[in-house]
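Taking it in order: structure first as C-alpha cells, then the write-up.
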Amino acid sequence: MKKLFLTTIAIILCGTISRADEGMWIPALLQKNEAEMQAMGMKITADDIYSINHSSMKDAVVLFGGGCTGEIVSDQGLLLTNHHCGYGWIQKHSTVEHDYLTEGFWAMTPEEELACPGLTAIMLKNMVDVTEKILFNVTEETTDEERAKIVKENIKKLVEEMQKETEYEVSVESFYQGNQYFLMYNEVFKDVRMVGAPPSNIGKFGGDTDNWVWPRHTGDFSIFRIYKDGQPYKPDYHFTISLNGVEEGDFTFVFGYPARTNEYLPAVAVNQEANVVYPVVVDLRTQILDIYNKYQEKDAKVRIQYASKHAGLGNGWKKWMGVIEGIRNFKGIEKKQAFEEAYNNWCMQARNRMKYMHALRDFTPVYEEYEKYRMATTYLTEAGLSIELIDFAANFAKLADVTKDTPQEEIDELINDLRQETTAFFKDYYQPIDEEVAVAMLTAYRAAQPEDFRPEILNEIDTKFKGDVKSYVDYLFGKSILISEEKVVAILDSFKPSKAKKLAKDPAIIAVNSMMDFYVENVMPKSRECTNRINNLRRVYMEGQMKMIPEVYPERNLYPDANFTLRVTYGKVGGFKPKDAVTYRHFTTLDGIMQKENPDIYDYVVTERLRELYDTKDFGRYADKDGTMHVAFIAGNHTTGGNSGSPILNANGELLGLNFDRTWEGTMSDLIYDPSICKNISVDIRYVLFLIDKYAGCQRLIDEMTIAE
Ligand code: ARG
Ligand code: GLU
8 MKKLFLTTIA
18 IILCGTISRA
28 DEGMWIPALL
38 QKNEAEMQAM
48 GMKITADDIY
58 SINHSSMKDA
68 VVLFGGGCTG
78 EIVSDQGLLL
88 TNHHCGYGWI
98 QKHSTVEHDY
108 LTEGFWAMTP
118 EEELACPGLT
128 AIMLKNMVDV
138 TEKILFNVTE
148 ETTDEERAKI
158 VKENIKKLVE
168 EMQKETEYEV
178 SVESFYQGNQ
188 YFLMYNEVFK
198 DVRMVGAPPS
208 NIGKFGGDTD
218 NWVWPRHTGD
228 FSIFRIYKDG
238 QPYKPDYHFT
248 ISLNGVEEGD
258 FTFVFGYPAR
268 TNEYLPAVAV
278 NQEANVVYPV
288 VVDLRTQILD
298 IYNKYQEKDA
308 KVRIQYASKH
318 AGLGNGWKKW
328 MGVIEGIRNF
338 KGIEKKQAFE
348 EAYNNWCMQA
358 RNRMKYMHAL
368 RDFTPVYEEY
378 EKYRMATTYL
388 TEAGLSIELI
398 DFAANFAKLA
408 DVTKDTPQEE
418 IDELINDLRQ
428 ETTAFFKDYY
438 QPIDEEVAVA
448 MLTAYRAAQP
458 EDFRPEILNE
468 IDTKFKGDVK
478 SYVDYLFGKS
488 ILISEEKVVA
498 ILDSFKPSKA
508 KKLAKDPAII
518 AVNSMMDFYV
528 ENVMPKSREC
538 TNRINNLRRV
548 YMEGQMKMIP
558 EVYPERNLYP
568 DANFTLRVTY
578 GKVGGFKPKD
588 AVTYRHFTTL
598 DGIMQKENPD
608 IYDYVVTERL
618 RELYDTKDFG
628 RYADKDGTMH
638 VAFIAGNHTT
648 GGNSGSPILN
658 ANGELLGLNF
668 DRTWEGTMSD
678 LIYDPSICKN
688 ISVDIRYVLF
698 LIDKYAGCQR
708 LIDEMTIAE
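The opening residue of the sequence shown carries number 8 in the numbering used here; numbering runs sequentially from there.
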C-alpha cells in the first residue's frame, strides 16, 4: 500500500517537474538557460540578450509608467507598449473636440508628439549580486526581527554608498523571499511623449467581454517616444522587426517586467487563496458587476460613466475565476501536497534540515489564524468600500477631524484636494447603482462576518433599523449630504473648523469611520503580525526548497518569483486544448474581427476604414503568407501582470509582437504553472504595422523602424 502511494506521488510529481516553458529568468544569469534555449531553437546567445560590456537587447526594454513594459523600435527612441498601458495618457490628452480614445491619435510630425509629464520609462543598466553584503552579520542564531533590522540597515548603507558613485538610480531588490539580493542600476527617463494610438474599437476591440479570452482580436498597442535633453533618445540598441510571423512550434521569448507571482507557496496558502479568498471576491464582484450591467445596458451615459470602473473590477474578477478553476482542474493543491511529502522526506534525511521541515509545518497554524483577518480585510475592501458613497466619504474623514488648532495651510490643501476628488467623483457617479450595490454589499458583509467581529455600523442595522439593510441604505442616502455635488461644493466653499463637528455626523462619514476604526484596531495589527510570520516562514521554506529541489529534482531549474524586475521567459508558439473536445489554433486573423462585428455592441464595433481595408484586402507586405491579416497569437511563455507591452521575440531576437494578456484557463500560472494550458497572448507586430501604415497613414514611423522581411 505504502509503495503504491509513493509511486502515485512520483507520477503526480513527474507532471510538475519537467515543466518546459516555466520560469521567469534573471537576465544577468541567463547563461544557465542558454543551452536549453538554443536546443529549443534560439539562434542567438544569452550575451546578445543581456550584457553589460556591449549593447544588448536589454538596452531596448523599459518599465513603462511603473506598471507595464515597453520596447524601443528605432534609433530615435520610438517606443511600443499596449493600448491598455497607454490608456490613461490617451485619456488625459482627450477633450470633447479631440477624443483620442474614440478617434485614435497619430502625431504626423515630431512637433505633434504630446508631452506626458509624470510618465517615466526606466531602463536597467546593470545588476549585481550583493547577497553577501546584505546578509552580512546575519547568522544561524539571528532572530527574525534582528534579521529584518540588519537587512534594512545594510540595504540603506549600500544604496547610499553606491548612489554617490553613479548617475543611475540604484536600489536593492530581494529575490527568493530574501535569500538573494541584487543591486540594480537604472536609468530613469522622464520625458516620454505620446506618438500614436489606434481608436479604442481597435486598441480595446472585444473590451471586457474578450478580456483574458482566446480567441482574441485586440490591436492592443500604443506608441510613445523617449526624449533625452529635449531630443529623441538615441538608444544603444533597438529591436529589429520581423514580418515573417510565427508557425506552430516556433521558439519565442518574452523580455519584460513581470510584477508578482507566488510559485513556492505551501498547499495551505494556495488553498486559502484559491478556495477561500478568491471565491468570496468573485461572488461579491459578480453581484456588483451584474448591477452595473443592468444600468449600463439601459443608459448610454451610464455605460460610459461606469466603463472604467467595470473594467477595473472585471479584470481581477475574470482572472480569479480562471485561477479557481485552473487550480481545481489541474489538481494544484494535491500536487503541492505531494511535493511537500517529498520535501519532508528530504528534510528527515539530515538533522540540520529540521528547520526547513518546521517552517513548512508552521505555516498551517499561522494561515488558520490569518484567515479571519484576511477575510475581514477582504469584506472591508471588496464589500464596504465598493459602496462608492462610503469610499468617497473616506476622503472627507480628515476634514471632519479638523479643529481650530489645525493650521490654515493644511485646511486649504485639504480643501483643494477635495475639490478635485469631488469633480471626478460626480462626473462618473450614478446614485441608483450605488444604492443597489450598497444593499447587496452590506447584506453580504453582515451575512459573512460574525456579529462580534464586524464594524459597529453593521450591528447598528440591527439595533436601529430592525435588521433591515434596505431601510438603513435609504437613511444613508437620504441623509448624507455627500450625495449632492452642490452641497459638497457649498461646504468646501464656506468651510470653517467650527463646521467640522457637523460634518462628522454625516451618516456616510460615520459609516466609513466605523469601518476604518474597526480595521485599524481589530484587524490590522493581527493581520500584520500574521504576514510577518508568514514572510519569515516563506524565507526559510524557500531556502529549504532551494537546497532540496536541485538534489531531488536535478532536472528542474529554480527561478525566483516575479518582483517587478526585468526577466526573460521562453516557450514555443502553439495552440492548446482548454477542455474536452475543444482545440484552439495558435493565431487569429482579421476575418475573426469581421465575424465578431456588431454595430450595436460597444465592444464589437468596427470602423468604416478597417472594413474598407479588409474588403479590398489591402494588407501590403503585412499579410501572412497565407494571404490573411494575422491579428494575435498564443505561445507558452510564463508571463504575468506587468508583462503587458513586453516584446515577444523570435529565434533571432527579432520582434514578433507585443504581449498583452494570458488565456484565463491558465491564469493559475501565478501560483502553479502547467505548460498544457498556460499561454500568453500577443498582438502580431504585422497587424500593428498594418494599422500604423495602412490604417493611419503614419508612414514616418514605419520609415524609422528597422524591418527584416
Ligand atoms: N487582462 C489584461 C491585464 O491583465 C488586460 C486588461 C485590460 N483590458 C481590458 N479589456 N480590461 O491587464
Ligand atoms: N494584461 C496584463 C498586464 O497588464 C498582462 C496579462 C497577465 O496578467 O499576464 O500586465
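Using N, Cα and C, we set each Cβ at its ideal position, and we do this for glycine too. Since the structure is predicted, the reported quantities are computational estimates derived from the model, not experimental observations.
Under the assumption that residue i contacts residue j (Cβ atoms under 8 Å), give the Cβ distance between them as a whole number of angstroms.
| i | j | result |
| --- | --- | --- |
| residue 647 | residue 677 | 6 Å |
| residue 717 | residue 199 | The question about residue 717 has no answer here: the residues shown for the chain are numbered 8 through 716. |
| residue 333 | residue 673 | 6 Å |
| residue 54 | residue 62 | About 11 Å; that fails the 8 Å criterion. |
| residue 451 | residue 320 | With a Cβ gap of about 15 Å, residue 451 and residue 320 do not count as contacting. |
| residue 694 | residue 250 | The pair is not a contact, with the Cβ atoms about 11 Å apart (cut-off 8 Å). |
| residue 373 | residue 541 | 6 Å |
| residue 675 | residue 339 | 6 Å |
| residue 549 | residue 271 | 6 Å |
| residue 341 | residue 273 | Not really, about 13 Å apart at Cβ, beyond 8 Å. |
| residue 463 | residue 525 | 7 Å |
| residue 210 | residue 90 | 3 Å |
| residue 638 | residue 667 | Actually they do not touch by this definition, with Cβ atoms about 12 Å apart. |
Excluding five sequence neighbours on each side, which residues of the same chain lie with their C-beta closer than 7 Å to the C-beta of residue i?
| i | result |
| --- | --- |
| residue 302 | 309, 437, 439, 440 |
| residue 443 | 298 |
| residue 296 | 317, 320, 321, 324 |
| residue 71 | 77, 88, 92, 128, 652 |
| residue 424 | none |
| residue 107 | 97, 100, 101, 204 |
Please work out which residues of its chain come closer than 6 Å, Cβ to Cβ, to residue i, disregarding the five sequence neighbours upstream and downstream, and give them in chain order.
| i | result |
| --- | --- |
| residue 170 | 177 |
| residue 134 | 35, 189, 191 |
| residue 14 | The predicted position of residue 14 is uncertain, since its pLDDT is 43 and thus under 50; a value taken from the coordinates is nonetheless stated next. Closer than 6 Å at Cβ, skipping near neighbours: no residue. |
| residue 44 | 577 |
| residue 4 | Lying before the first or after the last residue shown, residue 4 is absent from the chain, which here runs from 8 to 716. |
| residue 389 | 288, 291 |
| residue 235 | none |
| residue 716 | 250 |
Output needed for residue i: all residues of its chain with C-beta closer than 8 Å, excluding positions within five of it in sequence on either side, in chain order.
| i | result |
| --- | --- |
| residue 286 | 331 |
| residue 612 | 208, 604, 605, 606 |
| residue 242 | 66, 67, 79, 82, 84, 233 |
| residue 556 | 563, 565 |
| residue 378 | 279, 283 |
Is any heavy atom in the ligand ARG found nearer than 7 Å to the beta carbon of residue i?
| i | result |
| --- | --- |
| residue 211 | yes |
| residue 318 | yes |
| residue 551 | no |
| residue 251 | no |
| residue 652 | no |
| residue 324 | no |
| residue 214 | yes |
| residue 219 | yes |
| residue 673 | no |
| residue 664 | no |
| residue 648 | yes |
Going by the C-beta, is residue i closer than 7 Å to any heavy atom of the ligand GLU?
| i | result |
| --- | --- |
| residue 75 | yes |
| residue 728 | Within the shown structure, residues of the chain are numbered from 8 to 716, placing residue 728 beyond reach of any answer. |
| residue 644 | no |
| residue 734 | The displayed coordinates of the chain run from 8 to 716. Any statement about residue 734 would go beyond what the structure contains. |
| residue 90 | no |
| residue 578 | no |
| residue 669 | yes |
| residue 333 | no |
Would residue i pass as an interface residue toward chain D - the criterion being a Cβ-Cβ separation below 8 Å?
| i | result |
| --- | --- |
| residue 318 | Checking the listed chains, one finds no chain D in this structure; it contains a single protein chain. |
Runs of alpha helix (DSSP H) wholly within the segment 512 to 571 (minimum 4 residues, chain order) = With a minimum length of 4 residues, the continuous alpha helix (DSSP H) runs that stay inside the segment 512 to 571 are 514 to 525, 531 to 559.
key: beta strand (DSSP E) runs wholly inside the segment 85 to 144, at least 3 long, in chain order   = Runs found: 85 to 88, 128 to 136.
inquiry  = Runs of 4 residues minimum, wholly inside the segment 408 to 489: which ones carry the alpha helix (DSSP H) assignment?
reply    = DSSP runs (the alpha helix (DSSP H)) wholly in the segment 408 to 489: 415 to 434, 438 to 455, 463 to 472, 476 to 486.
Contained alpha helix (DSSP H) runs [length at least 4] in the segment 336 to 420, N- to C-terminal order = Entirely contained in the segment 336 to 420, the alpha helix (DSSP H) runs reaching 4 residues are, in chain order, 339 to 354, 361 to 389, 395 to 407.
inquiry  = Report the start-end ranges of each alpha helix (DSSP H) in the segment 602 to 638 that is 4 residues or longer and not cut off at the edges.
reply    = 615 to 622, all fully within the segment 602 to 638.
inquiry  = Which complete alpha helix (DSSP H) runs does the segment 162 to 202 hold, if anything under 4 residues is left out?
reply    = Taken in chain order, no unbroken stretch of alpha helix (DSSP H) lies wholly in the segment 162 to 202 with a span of 4 residues or more.
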